[in-house]
Amino acid sequence: MLHGYLASKETFTAQIAYFSKFYKVTAIDFLGFGKSAKLESPFSVGDYADWTREVLSALGIEKPKVIAHSFGCRVAVKMAKQDPDAFDKIILTGPAGVILPRGLKYKWRVWWYRFVKKFAPRFAERRFGSAEYRTLSPVMKESYKKIVNEDLRADAREVKSPVLIVEGREDTVTTLKEAEEYLRCFQKGELKIMEGGHFAFLEYPLVFNLLAEEFFSYD
Numbered sequence: 027m028l029h030g031y032l033a034s035k036e037t038f039t040a041q042i043a044y045f046s047k048f049y050k051v052t053a054i055d056f057l058g059f060g061k062s063a064k065l066e067s068p069f070s071v072g073d074y075a076d077w078t079r080e081v082l083s084a085l086g087i088e089k090p091k092v093i094a095h096s097f098g099c100r101v102a103v104k105m106a107k108q109d110p111d112a113f114d115k116i117i118l119t120g121p122a123g124v125i126l127p128r129g130l131k132y133k134w135r136v137w138w139y140r141f142v143k144k145f146a147p148r149f150a151e152r153r154f155g156s157a158e159y160r161t162l163s164p165v166m167k168e169s170y171k172k173i174v175n176e177d178l179r180a181d182a183r184e185v186k187s188p189v190l191i192v193e194g195r196e197d198t199v200t201t202l203k204e205a206e207e208y209l210r211c212f213q214k215g216e217l218k219i220m221e222g223g224h225f226a227f228l229e230y231p232l233v234f235n236l237l238a239e240e241f242f243s244y245d
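Heads up, our numbering is the position in the sequence shown plus 26, with the first residue counted as 1.
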C-alpha cells in the first residue's frame, strides 16, 4: 500500500485490517513521511520509485498487488512503467499524475508569483504558496516541485498490468476529469466511481474494500 503526500501508512488502517484476512499486507512510509527518515536531497517521482523498489526487494516482495492513493499513484505508475513485472494488479484511488491545461487565472497567478519572488521571495511564498507547500522544509519544497510538475500520462501508456481507478465523486483534489484522462492511457484500465472525496477509501472503507477485493480476485 502506497500512501499520499504528507500522509503515512496509517491512512490505510481500514484496508490493512480488511485485507490482512486474505493477504500478507505490506504498508510503507515513503522517505520523508511518517516514521521513515527525512529526505537529504530533493526526490523526484522516479527517485521515489527507485527507493520503493529497493524496499520491496529488501523485504523479498515480488510482483505484489498494490493499492495506491494520490501521490502514491504517481510512484506506482512510474514503477510499473519502468518494470512490467513490478505489480500483479494496480488500484489507484484519487490518482495524481495528470496535468490538465491550466486556465488564464492560474497562468496569471504563476506569472505574478514569479514576479514578486524576484523582489520579496518570503512574501511570495506566504502569499502564493499552498498551505501544504508552506509546511514543507526547503528540501521537501524542492522535491514537491519536481513531483507536481511531472505529467505521467506517457508513463501510464506503457503500464501493462491491469489497473482499477477508484474515484470519489466529490474529489476536488484529483478530479474525475483527471481520472478519466488517466483511464484513456492505460492498456488494461477500468474506472469505478464511488461516493466521497479525495479520501473516499477512508470515508467509505467497506465500499472501497469490496471494489478492491473484487478486482483482485478475478482474472
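Where is the CB? At the ideal position from N, CA and C, for every residue including glycine.
Residue i, DSSP secondary structure in three states
| i | result |
| --- | --- |
| L228 | helix |
| V101 | helix |
| T198 | coil |
| Y132 | Its pLDDT being 45, under 50, Y132 is placed unreliably in this model, and the value from its coordinates should be taken loosely. In this structure, Y132 counts as helix in the three-state DSSP scheme. |
| I173 | helix |
| T161 | coil |
| L237 | helix |
| E36 | helix |
| S243 | helix |
| L178 | coil |
| K203 | helix |
| D73 | helix |
| R210 | helix |
| F59 | coil |
| W138 | Because the pLDDT at W138 is just 41, under 50, the model does not fix this residue reliably, and the point stays unresolved. |
| I42 | helix |
| K47 | coil |
| A122 | coil |
DSSP beta-bridge partners of residue i
| i | result |
| --- | --- |
| E216 | L190 |
| I93 | I117 |
| L82 | None; L82 has no bridge partner. |
| I54 | L28 |
Proximity below 8 Å, CB of residue i to CB of residue j
| i | j | result |
| --- | --- | --- |
| P68 | V165 | yes |
| G123 | G30 | no |
| Y18 | N235 | No statement about residue 18 is possible, as the shown extent of the chain runs from 27 to 245 and does not include it. |
| I87 | A102 | no |
| L118 | E207 | no |
| S187 | D114 | yes |
| L237 | K218 | yes |
| F212 | V185 | yes |
| K91 | F242 | yes |
| R179 | M220 | no |
| T37 | L228 | yes |
| E176 | V71 | yes |
Residue i versus the options, residue with shortest Cα-Cα distance
| i | options | result |
| --- | --- | --- |
| T39 | Y244, F242, Y230 | Y230 |
| D181 | R195, R160, L209, K203 | L209 |
| A33 | S46, F59, K89, A226 | F59 |
| K104 | M27, E239, Y170, R183 | R183 |
| D109 | S96, D76, L85 | D76 |
| L232 | M27, P121, I42 | I42 |
| L28 | I93, E80, R79, K64 | I93 |
| K35 | A205, Y170, H95 | H95 |
| E239 | A205, L190, L162, G223 | L190 |
| Y170 | S62, Y74, S46 | Y74 |
| K172 | K107, R100, E204 | R100 |
8 Å Cβ cutoff, residue i in contact with chain D
| i | result |
| --- | --- |
| G60 | Within the model displayed, chain D is absent; a lone protein chain is all it includes. |
Legend entry - Contact the segment 53-66 vs the segment 186-204: 3+ CB pairs below 8 Å: They do not touch, by the three-pair rule.
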